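*Asks:* Chains as they are written, first to last, in our numbering: chain A, 1 to 159; chain B, 160 to 318.
The structure that follows is given in the form of structure tokens.
There are 2 protein chains.
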Amino acid sequence: MSSQDRCCDPVSLASLLVESAVGLKRLAGPSFEQAHDLPHQSFDLLVHLARSPGRRLRMSDLAAQCSLTPSGLTRAVDRLSEAGLVARDSCAEDRRGAFASLTPLGAERMERALGSHSSRLQEIIAEALDQPEQELLMALLGRLRDRLHPEVAPTTPSG
Amino acid sequence: MSSQDRCCDPVSLASLLVESAVGLKRLAGPSFEQAHDLPHQSFDLLVHLARSPGRRLRMSDLAAQCSLTPSGLTRAVDRLSEAGLVARDSCAEDRRGAFASLTPLGAERMERALGSHSSRLQEIIAEALDQPEQELLMALLGRLRDRLHPEVAPTTPSG
DNA sequence: GGTAGATAGTTGCGTACGAAATCAAATCTC
DNA sequence: GAGATTTGATTTCGTACGCAACTATCTACC
């Protein structure tokens, strides 16, 4: 904590990242769950699947995209699979591997949920930042993330 | 899904926040623990104490600053207290309340750890963003955080 | 073509956390 | 000043997660 880097202290930056992420989750999570009968906690996972070609991804790719370890992802997919939102498809070219795919139920729920959740988030964020600022923030975060987390680059769904 | 498309989707912004926070933790955490024999997980808690006047804070204030629920904070302080890094001081003016305070051991460990950890983080972040960009990012995140999480404003330890 | 090593995913185990219930002390109301 | 409400912190309970060990399959190399 020296005098000159106080305004740009990387420790504070790390704190801000966590606080913003958690704060957003706390503000948007409960209403989301209530409105859509989906676990907000694995919303991120479902979004990544919904946006992937064929609505499916290899387990390891999905893990990387969701900031989960393989172990954590296995469990998350178990839960969503139990809920009927996600299925495991076996992978023909590599029999060790598996795809996680959105079920029709999962896809339909996400389709209904995404728009309103997105608006809700936008509404919250817009109280703090105007449109150009949001774009700037996303660009900066994107560069940071790409550096920290290069594995997230889009991966071939190959199948 | 890299940083340039979907340039202003709030769902992606939320993901980026999480990915950046987790990515930073994963890159910096292990080396930190090894170097300083401190739990990286509660590093944020210790930093907030170290930066507070008198190196102490009321439990509830500390919880807010650390993005923890009261319940989570109680446990975290238990652990650090067990490790001798933090102590609970009872509060004279409100006998329900308690302060968490850095012990001399905790303060000394933090003093040694902060500088090098800060450099390590800086080094990682600098690979993605130059100095003005970092400042910009912090400013934007700060505004977002303040909106999401207004309780974090520094509170007087009044003791 | 058989063994060595790498890789994809899962499981056992321990831990950190949040929600809700609880307890204790402060504050408000009459 | 007694009782109701609120507030600060803790505890109980359930859950999500990471690490490390494991299994199964694929790849390399001889």
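Don't be surprised by glycine CBs; every beta carbon is placed ideally from N, CA and C.
Remember, predicted model here, so these are calculated numbers, not experimental data.
#1: Could you round the C-beta distance between A/R143 and B/A173 to whole angstroms and report it? I think they count as a contact, below 8 Å.
#2: Considering Cα atoms alone, identify which of B/R254, B/L176, B/V311 and B/P198 is closest to B/V236.
#3: Please return the same chain residues whose Cβ sits closer than 6 Å to the Cβ of B/D203, not counting the five positions on each side in sequence.
#4: Rounded to whole angstroms, what is the Cα-Cα separation between B/A187 and A/D37?
#5: Does the stretch 107-115 of chain A come close enough to the stretch 261-280 of chain B that 3 or more CB-CB pairs lie under 8 Å?
#6: Where does the unbroken alpha helix (DSSP H) through A/A14 begin, and where does it stop?
#7: Could you work out which residues of chain A lie near B/R306, taking near to mean beta carbons separated by less than 9 Å?
#8: Roughly how many whole angstroms lie between the Cα atoms of B/A209 and A/S20?
#9: Can you check which of these residues, A/S71, A/S118, A/S81 and A/R95, is closest to A/S101 by C-alpha distance?
#10: Considering only residues of the same chain and omitting the five flanking positions on each side of A/S158, which have a CB-CB separation below 6 Å?
#11: Using only CA atoms, which one of B/V206, B/L299 and B/H308 lies nearest to B/G265?
#12: Classify A/R88 as helix, strand or coil using the three-state DSSP reduction.
#13: Cα-Cα, which of A/V152, A/D9 and A/P70 is closest to A/A98?
#14: First and last residue of the alpha helix (DSSP H) that includes B/A272?
#15: Quick check on A/R96: buried or exposed, where buried means 16 or more other Cβ atoms within 10 Å of its Cβ?
#16: If you measure between the beta carbons of A/R79 and A/S42, is that distance less than 8 Å?
#17: Under 8 Å, Cβ to Cβ, is there at least one residue of chain B near A/R143?
#18: Give the residues of chain B in contact with A/M59, contact being defined as C-beta atoms less than 8 Å apart.
#19: Is the beta carbon of B/C167 closer than 8 Å to that of A/Q162?
*Replies:* In terms of the structure at hand:
#1: So it is not a contact: roughly 17 Å between Cβ atoms.
#2: B/P198
#3: C225
#4: 36 Å
#5: no
#6: If you look at A/A14, you'll find it in the alpha helix (DSSP H) that goes P10 to H36.
#7: G23, I124, I125, E127, A128 and L129
#8: 21 Å
#9: Out of A/S71, A/S118, A/S81 and A/R95, A/S81 has the C-alpha closest to the C-alpha of A/S101.
#10: Low local confidence applies: a pLDDT of 34 at A/S158 is under 50, so the model's placement there is unreliable, and no value is given.
#11: Just measuring C-alpha positions, the residue of B/V206, B/L299 and B/H308 sitting nearest B/G265 is B/V206.
#12: strand
#13: Considering only alpha carbons, the answer is A/P70.
#14: P263 to A285
#15: exposed
#16: yes
#17: yes
#18: Against chain B, a Cβ distance below 8 Å from A/M59 picks out nothing, because the smallest value is about 18 Å.
#19: Outside the displayed span of chain A (1 to 159) sits residue 162 of chain A, for which this structure offers no information.
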